[in-house]
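Read the structure below first, then the notes.
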Amino acid sequence: MKTKLLLPIVALLALGLFLAGCATGMTPSSWYGMAADAEYAYVSGGLYVYAVNLETHAEAWKFQIKTSVYAAPVQTEDGQLLVGGYDHTLYSLDPADGSENWQFAEARDRWIGSPLAANEAIYAPNADYSLYALDLDGDLLWSFKADQSIWGTPVTDGELVYFGTLGSKVYALEAATGELAWEVETDGAVLGSPVLRDGVLYFGLFDGALAAFDSRDGSLVWQEALDSWAWSGPLLVDETLYIGDGAGNLSAFSLDGELLWMLELNGAIVGPPVASGNEIIVGTDAGEVYFVSLNGEDIRTVSVGGQVYGPLLPAGTLTLVSPMPGSQPDSASLFIVLDENGAQAWDFTPEK
Amino acid sequence: MWETVIVNPLTNILLFIYQLVGNQFGIAIIIFTILIRLVTHPLMAKQIKGSQAMQELQSNKEWQDIQKKYKGDKEKLAQEQMRLYKELGINPFSSCLPMLIQMPIIFGLYQSIVRALAASPAQLLILTGAVWPFGGLEQLIPVNSKFLWMNLGQPERVYMFGVGIPVLAILVAITTYIQSKVTTPPPASPNDQSAAMGKMMTLYMPLLLGYFAYNYASGLAIYFIISNLAGLVQYAMLGKVNWKALLPGQKPVQKPLARKK
Chain E
73 MKTKLLLPIV ALLALGLFLA GCATGMTPSS WYGMAADAEY AYVSGGLYVY
123 AVNLETHAEA WKFQIKTSVY AAPVQTEDGQ LLVGGYDHTL YSLDPADGSE
173 NWQFAEARDR WIGSPLAANE AIYAPNADYS LYALDLDGDL LWSFKADQSI
223 WGTPVTDGEL VYFGTLGSKV YALEAATGEL AWEVETDGAV LGSPVLRDGV
273 LYFGLFDGAL AAFDSRDGSL VWQEALDSWA WSGPLLVDET LYIGDGAGNL
323 SAFSLDGELL WMLELNGAIV GPPVASGNEI IVGTDAGEVY FVSLNGEDIR
373 TVSVGGQVYG PLLPAGTLTL VSPMPGSQPD SASLFIVLDE NGAQAWDFTP
423 EK
Chain R
78 MWETVIVNPL TNILLFIYQL VGNQFGIAII IFTILIRLVT HPLMAKQIKG
128 SQAMQELQSN KEWQDIQKKY KGDKEKLAQE QMRLYKELGI NPFSSCLPML
178 IQMPIIFGLY QSIVRALAAS PAQLLILTGA VWPFGGLEQL IPVNSKFLWM
228 NLGQPERVYM FGVGIPVLAI LVAITTYIQS KVTTPPPASP NDQSAAMGKM
278 MTLYMPLLLG YFAYNYASGL AIYFIISNLA GLVQYAMLGK VNWKALLPGQ
328 KPVQKPLARK K
């Protein structure tokens, strides 16, 4: 009798594990986010935020999050380290020792995008459809509810704050009050962060386009099609926009929307290109990191073994790369560090 | 294999329905769940009939006699059981085989909802690789997770006076309990072990599914509720719903099995 009664209990437990596994996903929910200052690299690495000394390569401190953390940490003007977790909480840490200054726990969903810290305020996008504006003590100044989740970091010109949503909309809000200045519909969802230059906003769109909007009223200035989805926003260096797409193309556009050149790389490009010296660096899901000259003519390729989705992080002459967790066989590295020649200089593996 | 054969096709069908209903993912989940229930209805009807026949067999005098008589001789007991199955026209696999065929579809349906909702960057990346490159499905993602007052990718709460009330989780628990209570056949005898198991499931299943609805995406809670309601309709169509079971103190009597002529 007892054995038979065990059956439904075991069945319920198995069902529970199955449902939980499916609902949460067995793989990590995202890729690690990174930031650096002159001394330390700060990495949102799943359960912990790590500070790693770039000279000694040693872990300086780690801060545990209740669930997990993936958004890249951000430093404020007054030296706080901001990091948003999947536990719906935005933390302010002391970058010197990882101690907590304050936390903001009023959001109702995950912090997928990093906050923007500018003009003594924090503009933090949340997946609960809201943009939260906080002062530097973590007190809420205002919040604005958009149509869908916000995954990308906003930008500001001091007067307005600009961001896009997964619901294919771009918003401009009064930075001081959160009042809506304008909103426009876009052809595709906006997952990444825009770039702002001379009154024009440049967004990567998930339907496969690079689009430019007038920051005064949101009117479309120009839009150019890409071969596949644009996950991240473009990188702007001098007078050129660089953007990657899901087909593995790295494209360079002038500020007028003219295609200057396009390179077909191996694997989809998810993270935004980053600039380092006279090169731009981009990673692909085929596990390659490309160092490309600004005119697109010289290319160096480094294979890192795991899918590269997150943004790369230039730190002086070094480049920090964090391959997708679990995508590198036999490696528990949080990130690897490439030197100026693209050779692996060292890697950081957290202590268990 | 599981992904290619079950989850990805179901995800694409779900996105196709989402497109048809004007990008309303909540409606798409409801239609999709009902559709899958309709497609698997013949299997479920077989399963219900089969399990009822097996249940009724427990109270058959001859069945009980052979259990006692051949208690120490498993081989002979199996032979006699097979003889009785044949005489009464019961297929012993008719209750579990349709269930086994349905299970992958039901689990796949659940997984396809989670996949299509893609509430995190890694999930969205997986979805981009799962969507078929035709029919304009690629243009649909990420899906619109807003439905009525809910964000379908998040646990649902209705806030009243600052307190979040999990309305859907409560509905999931209630509908699961009702479905289980009114569709569980009455015990064939006081010592019926399968009835004791059924009673446990009636009690714990609503708690388990309610817990999931409380903690996970509300899109799944909608699926659980519609699935429970559709299950009730299916049982009702087959005349197997016993509403009196919801009333306290009701002890229904099981009809004896008729021998096949």
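The listed protein sequences correspond, in order, to chains E and R. Residue numbers for the first sequence follow the numbering used here, so the first one is 73 and each next one is one higher. Residue numbers for the second sequence follow the numbering used here, so the first one is 78 and each next one is one higher. Virtual Cβ for every residue (Gly too), placed ideally from N, Cα, C.
For residue 210 of chain R, no CB of chain E lies under 7 Å from its own CB, so it is not counted at the interface with that chain. Checking the DSSP bridge columns, you'll see residue 416 of chain E partnered with E:410.
The beta-bridge partner set that DSSP reports for residue 315 of chain E consists of E:323. At a cut-off of 7 Å between beta carbons, residue 231 of chain R contacts chain E. Taking a cut-off of 8 Å for Cβ pairs, the stretch 188-201 of chain R and the stretch 87-94 of chain R touch, as three or more such pairs fall below it. With contacts defined by Cβ atoms closer than 7 Å, residue 281 of chain E and residue 293 of chain E do not form a contacting pair. Against chain R, the beta carbon of residue 200 of chain E has neighbours under 9 Å at 228 and 231, listed in chain order.
Residues of the stretch 148-181 of chain R with a Cβ closer than 8 Å to any Cβ of chain E: none. At a Cβ-Cβ threshold of 7 Å, residue 257 of chain R and residue 282 of chain R count as neighbours. Interface flag for residue 256 of chain R against chain E is unset, since no Cβ pair is found closer than 7 Å. Considering only E:346, E:356 and E:423, the residue with the shortest C-alpha distance to residue 319 of chain E is E:356. Out of E:222, E:328, E:249 and E:419, the CA that lies nearest to the CA of residue 270 of chain E is found in E:328. Residue E:157 holds the alpha-carbon nearest to the alpha-carbon of residue 103 of chain E among E:127, E:157 and E:132. Distance between residue 153 of chain E and residue 178 of chain R, taken at the CA atoms: about 53 Å. Straight-line spacing of the CA atoms in residue 276 of chain E and residue 313 of chain R works out to 52 Å. Across the structure, residue 224 of chain E and residue 256 of chain E are spaced so that their CA atoms are roughly 17 Å apart. With contacts defined as CB atoms closer than 7 Å, residue 261 of chain E and residue 235 of chain E fail to qualify as a contacting pair. A straight line joining the alpha-carbon of residue 399 of chain E with that of residue 118 of chain E spans about 15 Å. Counted as a single uninterrupted DSSP element, the beta strand (DSSP E) harbouring residue 140 of chain E occupies residues 131-141. Counting only runs of 4+ residues, the alpha helix (DSSP H) found wholly inside the stretch 222-284 of chain R occupies 244-260, in chain order. Counting every other CB atom within 10 Å of its CB across the protein chains shown gives residue 170 of chain R a total below 16, marking it as exposed. No Cβ of chain E is located within less than 7 Å of the beta carbon of residue 325 of chain R.
Burial state of residue 160 of chain E is buried, judged by a 10 Å Cβ sphere holding 16 or more other Cβ atoms. A straight line joining the alpha-carbon of residue 251 of chain E with that of residue 243 of chain E spans about 10 Å. A distance below 6 Å between beta-carbons, with the five flanking residues on each side excluded, links residue 334 of chain E to the following residues of its chain, in chain order: 321 and 323. In terms of CA proximity to residue 187 of chain E, E:146 leads the group E:239, E:179 and E:146.
Annotation for residue 249 of chain E: 214 place their beta carbon closer than 7 Å to its own, counting only its chain and skipping 5 residues before and after. Taking the C-beta atoms as reference points, residue 107 of chain R is found nearer than 7 Å to residue 303 of chain R. For the stretch 83-111 of chain R, the set of residues with a beta-carbon nearer than 7 Å to any beta-carbon of chain E is empty. The stretch 113-129 of chain E makes no contact with the stretch 357-368 of chain E: fewer than 3 CB pairs, one atom from each, lie closer than 8 Å. Residue contact check for residue 216 of chain R against chain E: a CB pair falls below 7 Å. Looking at E:196, E:115, E:149 and E:299, the one whose alpha-carbon comes closest to that of residue 140 of chain E is E:115.
When the beta-carbon positions are compared, residue 275 of chain R and residue 250 of chain R stay at least 7 Å from each other. Residue 348 of chain E is positioned such that its CB atom lies no closer than 7 Å to that of residue 383 of chain E.
In terms of CA proximity to residue 166 of chain R, R:127 leads the group R:127, R:200 and R:227.
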